[in-house]
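Below: one structure, written as structure tokens.
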Amino acid sequence: MIEAADELGLLTELAREPLTPTEIADRAKIDRTMAYNFLTVLVWNGILTRNGDHFALDEALHTEVTSGALPLLRIEGWATRDHLNGTGIVAALRGHRRPPEIDDRYVGALAEAMLRGARASAPHLARLPLWRDRAHLADLAGGSGGYAILLCRMYPRLRATVYDRREMLEHTARAVADAGLDDRIALEPWELRGDPVPAGHDCALLSHVLHLLDASARAELLGRVRAALAEGDPVVVHDFLPGTAAGAPSPEEAASAIDWLANGSGFLPGPDELGAEMATAGISVRGVTPIAATRTAVVSAACTLGLPGRHSSPSGSAERKARR
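For the sequence shown, full-length UniProt numbering assigns the number 1 to the initial residue and increments by one for each residue that follows.
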């Protein structure tokens, strides 16, 4: 019912002001009798309230809509129809693996949701001292650019390149322009599955990326990250890590775990397991910091001496410093 109301544009309209059935019918372009019946059912289900001839959003839903939760609602609706259902879970358990990319129609909603999420999480990443002497960040699958924006604001000598699919970068460009950082944040089309990580960076960020990938794809991506960086260069991972925060998994974590089963990634590694995966790629974990407010964790790591299976080579970071 909430999705139907959103599809008709009613959630946004009613978040502005209470409306009569006639006003709602006209704006939604539906029959007035059907509109009244629909509104009545919404009231019965606690989605709307009625005061005389006017209908309004329930207080809790009004808070969600006005605080920017609609993009997440739309993404969850898409996921439920696409794979987050009984059929999708059974298919995943039997080996089906859906692509990690969201449907093109919902990229804008994802960009909005990512910007909102970055406001809560990015300050925790930005406090890490490892950024202080860095020159060029690779923000991989960086989405809306919220993390790159805050990091560049806090560290005036840092530049960043946000790598993501073309459809997402259209939204990233607006966020970067609004922040006035066009001269320090570049945007490059990049595919999560397969594209190499370009050279020329001395740090990398993977925020909410690894949970999209199964174990083999995570290993392959971490290998690409390591190949692009020099010994000692930092790699920061921000993601859900079950077992990091105190206590049992929160309802949000439990719900997310269902999504990971349904999309086929089965992303349930704890800090030790993820640390082992990173070590295999030649990246050594230096610290894990839980973010209680978002039930996520920040993993600080650094590229170890030499690429796995190769002889040690001179530090690219040292060479860059010598040239400066």
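All C-beta atoms in this analysis are idealised placements derived from N, C-alpha and C, irrespective of residue type, glycine included.
These numbers come from a predicted model, not from an experiment.
Spell out whether any CB of chain B is found under 8 Å from the CB atom of R295.
As a matter of chain content, chain B is missing from the structure shown, which is built from one protein chain.
Could you spell out the range, first to last residue, of the beta strand (DSSP E) harbouring V285?
283 to 291
With DSSP as the reference, label E191 as helix, strand or coil.
coil
Please return the same chain residues whose Cβ sits closer than 8 Å to the Cβ of A255, not counting the five positions on each side in sequence.
none
Which same chain residues, not among the five before or five after A148, have their C-beta less than 7 Å away from its C-beta?
L137, D139, G142, A160, V162, I185
Straight-line CA distance for E17 to A56?
7 Å
Determine which residues share a DSSP beta bridge with F55 and list them.
L19, R50
Residue environment, S207, which counts as buried when at least 16 other CB atoms sit within 10 Å
buried
Take every Cβ of the segment 285 to 304, pair it with every Cβ of the segment 112 to 127, and state whether three or more of those distances are shorter than 8 Å.
yes
Which residue wins for smallest C-alpha separation from T22, given the options G9, D202, M34?
Of the candidates G9, D202, M34, the one whose C-alpha sits nearest the C-alpha of T22 is M34.
So, is E112 buried or exposed, given that buried needs 16 or more other C-beta atoms within 10 angstroms?
buried
Please check the pair L241 and A297, which I expect to be a contact at CB under 8 Å, by giving their CB distance rounded to whole angstroms.
4 Å
Looking at the structure shown, is S67 part of a helix, part of a strand, or coil, going by DSSP?
coil
Cβ neighbour criterion (16 or more within 10 Å) applied to E170:
exposed
Should the segment 49 to 64 be called in touch with the segment 97 to 114, which here means at least 3 C-beta pairs below 8 Å?
No: the two stretches stay apart, fewer than three of their Cβ pairs being nearer than 8 Å.
Pull the bridge partners of C203 from the DSSP assignment, please.
L137
So the alpha helix (DSSP H) H238 belongs to, where does it begin and stop?
Counting along the chain, H238 falls outside any alpha helix (DSSP H), though it belongs to the beta strand (DSSP E) covering 234 to 239.
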